[in-house]
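Spelled out as structure tokens, the structure:
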């Protein structure tokens, strides 16, 4: 039942964002406000983001298969990257249009701009209210909830501009507000682009590897740790593999060590998928992160 309610809320928020976009585009064309149009593009990007993110979440929830042994969680990462790149392109386009408008100022109907921006603000608050309850239980809903609140902030900026332009003719104010909104959109987008690229490139997650080595070697039977690899399937799921130098033990004893290692990595470092390989003396002198092994040693190890 919870999933159904969440889906309904996502649908309602999407429809509200589409409504805001249409109203702001019409209002922007009537008033001549580029700032209002920039806010409309922002909301349009959010609508696309919500729709794409929802379907990506459904795809990402599919189980692992023979063709995709880690499942489909990367679908949400690809969705986030696509959405962020789209918003960045919109920000660059709006900045270019605003610079041209600064060189050729146009009259702005501040009253229309103000009314439409207020409608947009109220719709954003309605969207936030719909998502507020679910934002405590779902990171995906929480992310969308915070995004809607950020849209409300850009609407506030347009409202302030509308109030000023209703009473005072300031030709440069509208393009300046547009550039401010564009900078804000880029500010939101760039960290997401950076994070998603790191995940897709399988960069190491932000873990204290020295502490991990220290914690694991404190476990009775573990003498050293080497050949460590860590990467992320998405922003929540960390994959970790390592070779452990252990005493010359029976397999049943090694399994007990594995359980202790997995408990530490899972509970203290939030690692969800762990692969371990026990060795006696092989690799004992290697660093934590594996250095290339010469071919002769590799051949001898397999003989």
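Residue numbers (our numbering): -4 to 298.
In this text, a Cβ means the ideal position worked out from N, Cα and C, and glycines have one as well.
Self-check item: Three-state class that DSSP yields for residue 104 in the structure shown
Solution: Residue state, collapsed to three classes: coil.
Quiz item: What three-state label does DSSP hand residue 227 in the structure shown?
Solution: Three-state result, residue 227: strand.
Self-check item: Spatial neighbours of residue 27 in its chain, beta-carbon cut-off 7 Å, leaving aside the 5 residues before and after
Solution: Non-local beta-carbon contacts of residue 27 in its own chain, meaning distances under 7 Å to residues more than five positions away in sequence, involve 101, 102, 103 and 104 in chain order.
Practice problem: Can you check DSSP and say which residues form a bridge with residue 270? | Solution: According to DSSP, which records beta bridges pairwise, residue 270 is partnered with 236.
Practice problem: For chain B, find out if any of its Cβ atoms is closer than 8 Å to the Cβ of residue 241; answer yes or no. | Solution: The structure shown contains no chain B; it is built from a single protein chain.
Quiz item: Nearest to residue 120 by CA position, among 8, 262 and 205, is which residue?
Solution: When C-alpha distances from residue 120 are compared across 8, 262 and 205, the shortest belongs to 8.
Quiz item: Straight-line CA distance for residue 58 to residue 31?
Solution: Note on geometry: alpha-carbon atoms of residue 58 and residue 31 lie some 43 Å from one another.
Self-check item: Between the CA atoms of residue 230 and residue 193 - distance to the nearest angstrom
Solution: Straight through space, the alpha carbons of residue 230 and residue 193 are spaced by roughly 10 Å.
Exercise. Could you check if residue 49 is buried or exposed, using at least 16 other CB atoms within 10 Å of its CB as the buried criterion?
Key: Label assigned to residue 49: buried.
Quiz item: Is the distance from the Cβ of residue 19 to the Cβ of residue 82 below 8 Å?
Solution: No, they are not a contact pair.
Quiz item: Which term fits residue 241, buried or exposed, when burial requires 16 or more other beta carbons within 10 angstroms of its beta carbon?
Solution: Classification for residue 241: buried.
Quiz item: Roughly how many whole angstroms lie between the Cα atoms of residue 76 and residue 185?
Solution: Distance between the alpha carbons of residue 76 and residue 185: 10 Å.
Practice problem: Give the secondary structure of residue 243 by DSSP, where H, G and I count as helix, E and B as strand, and everything else as coil. | Solution: Residue 243 carries a coil assignment under DSSP once its states are collapsed to helix, strand and coil.
Self-check item: Beta-bridge pairing of residue 219 - partner residues as DSSP gives them
Solution: 240, per the DSSP bridge assignment.
Self-check item: Own chain, CB closer than 7 Å to residue 167, minus 5 neighbours either side, in chain order
Solution: Cβ-Cβ distances below 7 Å link residue 167 to 97 and 100 in the same chain, with the five nearest sequence neighbours on each side left out; the list follows chain order.
Quiz item: Using a Cβ-Cβ cut-off of 7 Å (strictly less than) and excluding sequence neighbours within five positions of residue 33, which residues of its own chain qualify?
Solution: Scanning its chain for C-beta atoms nearer than 7 Å, with the 5 sequence neighbours on each side dropped, one finds around residue 33 the residues 89, 173, 176 and 177, in chain order.
Quiz item: Can you check whether the CB of residue 78 is closer than 8 Å to the CB of residue 43?
Solution: In contact: residue 43 and residue 78 (Cβ atoms closer than 8 Å).
Self-check item: Proximity below 8 Å, CB of residue 244 to CB of residue 216
Solution: Contact: yes.
Practice problem: Look at the alpha carbon of residue 154 and the alpha carbon of residue 108, and state the distance between them as a whole number of angstroms. | Solution: So the alpha carbons of these two residues sit roughly 7 Å apart.
Quiz item: Start and end of the alpha helix (DSSP H) containing residue 165?
Solution: For residue 165, there is no enclosing alpha helix (DSSP H), as DSSP gives it neither H nor E.
Quiz item: Could you give the residue range of the alpha helix (DSSP H) that holds residue 79?
Solution: It spans 69 to 98 - the alpha helix (DSSP H) in which residue 79 sits, taken as one unbroken run.
Self-check item: Distance, residue 70 Cα to residue 212 Cα
Solution: Spanning the two alpha carbons is a distance of roughly 37 Å.
Quiz prompt | For residue 123 and residue 144, believed in contact at Cβ under 8 Å, the rounded distance | solution = Yes, residue 144 and residue 123 are in contact; Cβ-Cβ is about 6 Å, under 8 Å.
Practice problem: To the nearest angstrom, report how far apart residue 84 and residue 269 are at their CA atoms. | Solution: Rounded to the nearest whole angstrom, the CA to CA distance from residue 84 to residue 269 is 39 Å.
Quiz item: Considering only the beta carbon of each residue, do residue 221 and residue 271 sit closer than 8 Å?
Solution: With respect to residue 271, residue 221 sits apart: the two C-beta atoms are not nearer than 8 Å.
Quiz item: With burial defined as no fewer than 16 other Cβ atoms inside 10 Å of the residue's Cβ, what is the status of residue 64: buried or exposed?
Solution: Residue 64 should be labelled exposed.
Quiz prompt | Burial state of residue 302, where buried means 16 or more other Cβ atoms lie within 10 Å | solution = The question about residue 302 has no answer, for the chain in this structure spans -4 to 298.
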